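As they're listed, the protein sequences go chains A and B. Okay, so the first sequence: first residue is 45 according to this note's numbering, each after it adds one. Okay, so the second sequence: first residue is 45 according to this note's numbering, each after it adds one.
Protein chains: 2
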Amino acid sequence: MKTITLRIKPLDIETGKPIAIMHEEDAEKIGHVAGSRIKVYSQKGTFTIITNTTRNLVAPGELGTCKEATCEIGLEAGSEVKVTLAPRPASANAIKKKLDGKVLTQQEIDSIIRDIVADNLTATELAAFVTAVYTRGMTVDEIVFMVRSMVESGEKLEIERRPILDVHSIGGVPGNKYALLTVPIVSAAGLTVPKTSSRAITSAAGTADVMEVLAPVSLELEEIKAIVEKIGAVLVWGGALRLAPADDIIIRAERVLAIDPTPQLLASVMAKKLAVGAEKIVIDIPTGSGAKVETIEEARRLAHDFIELARRLGVQLEAAITYGGQPIGYAVGPALEAREALETLMGMNGPGSLIEKATGLAGLMLELGGVTPIGFGKQMALEILKSGKAYEQMKRIIEAQGGDPNVKIDDIPVGDKVEVLRAPVSGYIKQIDNHRINEIARAAGAPEHKGAGIKLLMKEGRKVEKGDPILEIYAEHESKLDEALDLARTHPPVRIEGMLIERISHSPRWE
Amino acid sequence: MKTITLRIKPLDIETGKPIAIMHEEDAEKIGHVAGSRIKVYSQKGTFTIITNTTRNLVAPGELGTCKEATCEIGLEAGSEVKVTLAPRPASANAIKKKLDGKVLTQQEIDSIIRDIVADNLTATELAAFVTAVYTRGMTVDEIVFMVRSMVESGEKLEIERRPILDVHSIGGVPGNKYALLTVPIVSAAGLTVPKTSSRAITSAAGTADVMEVLAPVSLELEEIKAIVEKIGAVLVWGGALRLAPADDIIIRAERVLAIDPTPQLLASVMAKKLAVGAEKIVIDIPTGSGAKVETIEEARRLAHDFIELARRLGVQLEAAITYGGQPIGYAVGPALEAREALETLMGMNGPGSLIEKATGLAGLMLELGGVTPIGFGKQMALEILKSGKAYEQMKRIIEAQGGDPNVKIDDIPVGDKVEVLRAPVSGYIKQIDNHRINEIARAAGAPEHKGAGIKLLMKEGRKVEKGDPILEIYAEHESKLDEALDLARTHPPVRIEGMLIERISHSPRWE
């Protein structure tokens, strides 16, 4: 292994982790490739550092060090260090093995996850891992190893109550505020539900965005633990808690590549749930046109994979395939959804699709939690909702997280720039397009403008006359309303068709 | 698409290309992922820039710009720009398609190669492309498209002579200095051979490293053109000529991942050859233990792939499978190899394996070039070599490139720190390990120290007595010699075994 001597040149750059930079000529001498690792032998010790190459930032013979590298390692400006190419880490060999379509061991997966969390993989290696999982797949064993590694390498919520239940929706459907009902219902029955959720990435509102309208959702792990131990539930944002943090890093690379490999999806969901200590889990798989899962066959395969994985991980899991071909309820966007959820909890006219879904999922959880016999869960959930106990529990959650438990529907501000979209023809509402609803709500300002979004006035199957109002767009700013309207006009979110009466031709066959 | 307003904060960083950096909070607002692209609307126009995220380098509301971004775009410190997420480029969609195992069109491959050359792909996207080609493979059509794209996106050598021949060895075998004989032989017969070659990456000497001992090899494209048009040949380094530059970038990512996908290998070789205008190409596939290709079956498959690809690209190609299980000739390392090549050209005792290989490949080229009937090429090559015409032509090449044509063998300095390795037991030389020979020569200082390397004193099959000298290690520095000796002792490069006389047991079968 070739060694060269370089002089330390501290650079005024912060990179968030120790990074060095060397001249391309020096890199060539030791066979170093931009973005891979060098070993630095200094008087302070030996270090492995990811290093880039340059033609102008440092001269040949110099090793530029970012602030983190200079300070953490304590290298002195002008001091000499010996530099060689670092050997490939075990994780890089494991990634190569996966690229070759081979099955990884627990140890190999551990090395990858550990290096992902420690930020020791180059962007090239991380991308190779993500694409290898995408193209080669993973065995159930490998996914089990990955879940365990991801959980072990992060923070954990340690709660002194049993059993701990959780629920997760695969997502993709606008207006999916079910958790704001399901979590209070289940916890009102005495079960424990430490529900963490995400903010919207491509949709108009994530559960965390909606809940944030009613109470703060960025809580510390210790606060969450205290609240759950006291009242049995939270509805918080999981993003900054470092629960299975490898998952967040992997998902970022997947988003750049617009891929979502099933093994990673499975591992991701299970790791987040295991990290909060969940032992009994309900997975909601919304299925239909414009949802993440479009066909029943696909949904069944995914459900089966989840159940098998849970069995191997020693937790109980039930998967529910729900209709996801149009938005849930009528409201889309943080404030509008918070209003709809609260209205439904308060016992006013809640939309059937929302009550149906929230109580259905809650019912499965109640049955898993052993507080009602199999087959009676949904009825029990409905009773808890109708009795007002779920609302009382929601008030406790809101208060514990620091919100106003007595907030009234009209206290929740929604955008005051509103426009109605009307049916351009008479006919039946054939389809409400999930993607377009999300895009229009986002154009109107959601999820950042909490008051922006869409209120549907009708759902699929309804007969409309030309000129009937079919939805309202809410925005906080006129310009955003215009943007949303433009989009709605060029990409209509609702398809209306005349009822087709099949015309059977006179057939000569039986003559 | 969400838009935010940021204030320009120029940073004192040179990155080699326009890069910006924004605070993670701002990135989250527009759904931006570190390392992907933003669109910047400024008074100077609209630009798409690859952007990283930070928690400390800039504050929320600021857009940090590297020197290249600040200067090229002309953004003023403190001025306000509108920023949105840039749409995914066509190349990113094409990469996703390849990841999904689909066949790419000419247009899609063009978009990828164009963005690679323009440095418009993120490290994640480039890695995904490389791994997709590795795991999904490519059809011959796709490889044809890729070769054409790679050639079109780079510089080309335009020579006014016909026919243009070229030769390329797949490599991996130490001591492979054949081109220093083959190129002068073929061009001495009046054919045109603009031979570009590479420097060593993992081996002890590339053709360019060896030739550099005799003459400069880093020539400009215009100089190369002038020399080839005058004397019919060059032996230069191809690395900085920007011939098919996408190839160099792709190979760098492959090296990080330690993969070498066959479609890319095929495209790489053909693109480099087509970029110099070659119409008749000989490919050498050294085959044997420790070579890049280890089995005859693999070599035949590769030969077939090359021939099919050449047919589709409208060029003539012959592939030769040569023995690559031990070093070619006796010398390994730039100066030692240059000496051996020159000695052989001068008609002194050249090693059989080198003469055999160099004239064999030259013979195929002479036949392809139409200066001799099929079957007579090798004999003609041997005559050109023995007549001294090849040496005369080599002198012309050395002189044209700026070296001393009358250099004598003893004028070429080799390392003066020499140690002999002796046989530890009596027996037959069973194997000379290519990898270990390379590693020991590199430990001794090759290819950077031109005089460092190994001189074999015996080859495979020879009988040796315990204590017989089997090889010499040359180094320019005592410390490097020690390093090489240590390595040779712990990892012996030569395997000696007693001749095994198979003992046939008395068999009762025919009784």
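In this text, a Cβ means the ideal position worked out from N, Cα and C, and glycines have one as well. Bear in mind that the values here come from a model prediction, so they are computed numbers and not experimental data.
For residue i, three-class secondary structure by DSSP
i	result
lysine 126(B)	strand
aspartate 154(B)	helix
aspartate 291(B)	helix
methionine 66(B)	strand
tryptophan 554(B)	Residue placement at tryptophan 554(B) cannot be trusted, given a pLDDT of 43 that sits under 50; the coordinates are not used to answer.
tyrosine 435(A)	helix
phenylalanine 91(A)	strand
arginine 466(A)	strand
valine 300(A)	helix
proline 207(B)	coil
valine 359(B)	coil
asparagine 393(B)	coil
Partners in chain B for residue i, counting only beta-carbon separations shorter than 8 angstroms
i	result
valine 177(A)	Near valine 177(A) there are no residues of chain B at all, since even the closest Cβ is about 11 angstroms away, more than 8 angstroms.
glutamate 492(A)	Lys46 and Lys73
glycine 79(A)	Ala167 and Val300
isoleucine 156(A)	Those within 8 angstroms of isoleucine 156(A) in chain B number zero; the least Cβ separation is about 13 angstroms.
Environment of residue i [buried if 16+ CB atoms lie within 10 Å]
i	result
histidine 67(B)	buried
leucine 392(A)	Note that residue 392(A) corresponds to methionine in the displayed sequence, not to leucine. That one is exposed.
glutamine 445(B)	buried
asparagine 96(A)	buried
glutamate 522(A)	exposed
proline 62(A)	buried
Span separating the alpha-carbon of residue i from that of residue j
i	j	result
arginine 547(A)	glutamate 541(A)	At arginine 547(A) the pLDDT is 49, less than 50, meaning the model places this residue with poor confidence and gives no usable figure here.
isoleucine 203(B)	aspartate 477(B)	41 angstroms
serine 247(A)	arginine 480(A)	10 angstroms
glycine 432(A)	leucine 389(A)	7 angstroms
alanine 284(A)	alanine 244(A)	14 angstroms
leucine 225(B)	isoleucine 268(B)	19 angstroms
proline 371(B)	proline 536(B)	15 angstroms
isoleucine 340(A)	glycine 407(A)	22 angstroms
glutamate 555(B)	tyrosine 472(B)	Here glutamate 555(B) scores only 37 on pLDDT, less than 50, and its place in the model should not be relied on; the value that follows carries that caveat. Glutamate 555(B) and tyrosine 472(B): Cα-Cα distance of roughly 38 angstroms.
valine 127(B)	glutamate 527(A)	16 angstroms
glycine 394(A)	tyrosine 374(A)	9 angstroms
arginine 553(A)	valine 462(A)	In this prediction, arginine 553(A) has a pLDDT of 46, which is less than 50 and means its spatial position is unreliable; what the coordinates show is noted afterwards. Each residue's alpha carbon lies about 58 angstroms from the other.
valine 254(B)	threonine 179(B)	35 angstroms
valine 326(A)	threonine 403(A)	12 angstroms
glutamate 72(B)	leucine 129(B)	10 angstroms
valine 587(A)	glycine 282(A)	With chain A covering 45 to 555 only, the question about residue 587(A) has no answer from this structure.
Distance CB(residue i)-CB(residue j) smaller than 8 angstroms
i	j	result
valine 125(A)	leucine 50(A)	yes
proline 228(B)	methionine 438(B)	yes
asparagine 164(B)	proline 131(B)	no
proline 207(B)	glutamate 323(B)	yes
valine 237(B)	glycine 276(B)	yes
leucine 279(B)	lysine 239(B)	yes
alanine 121(B)	isoleucine 52(B)	yes
glycine 250(A)	proline 491(A)	yes
tyrosine 222(B)	serine 213(B)	yes
glutamate 520(A)	glycine 497(A)	no
glycine 79(B)	alanine 167(B)	yes
lysine 88(B)	leucine 119(B)	yes
proline 54(A)	threonine 114(A)	yes
valine 538(A)	lysine 510(A)	no
arginine 286(B)	glycine 198(B)	yes
arginine 466(A)	proline 513(A)	yes
Contact set between residue i and chain A, taken where Cβ atoms lie within less than 9 angstroms
i	result
glutamate 169(B)	Ala171, Val300 and Leu301
threonine 114(B)	Those do not exist, as threonine 114(B) stays about 15 angstroms from chain A at its closest Cβ, beyond 9 angstroms.
threonine 246(B)	Gly75
Interface partners of residue i on chain B, CB under 9 angstroms
i	result
alanine 134(A)	Result: empty, since nearest Cβ-Cβ is about 13 angstroms, beyond 9 angstroms.
lysine 140(A)	Leu301, Ala302 and Ile303
Interface partners of residue i on chain A, CB under 8 angstroms
i	result
leucine 143(B)	Thr175, Tyr178, Thr179, Leu301 and Ile303
arginine 296(B)	Val77 and Ala78
Residue i: contacting residues in chain B (beta-carbon distance under 7 angstroms)
i	result
isoleucine 481(A)	None at all; the shortest Cβ gap to chain B is about 16 angstroms.
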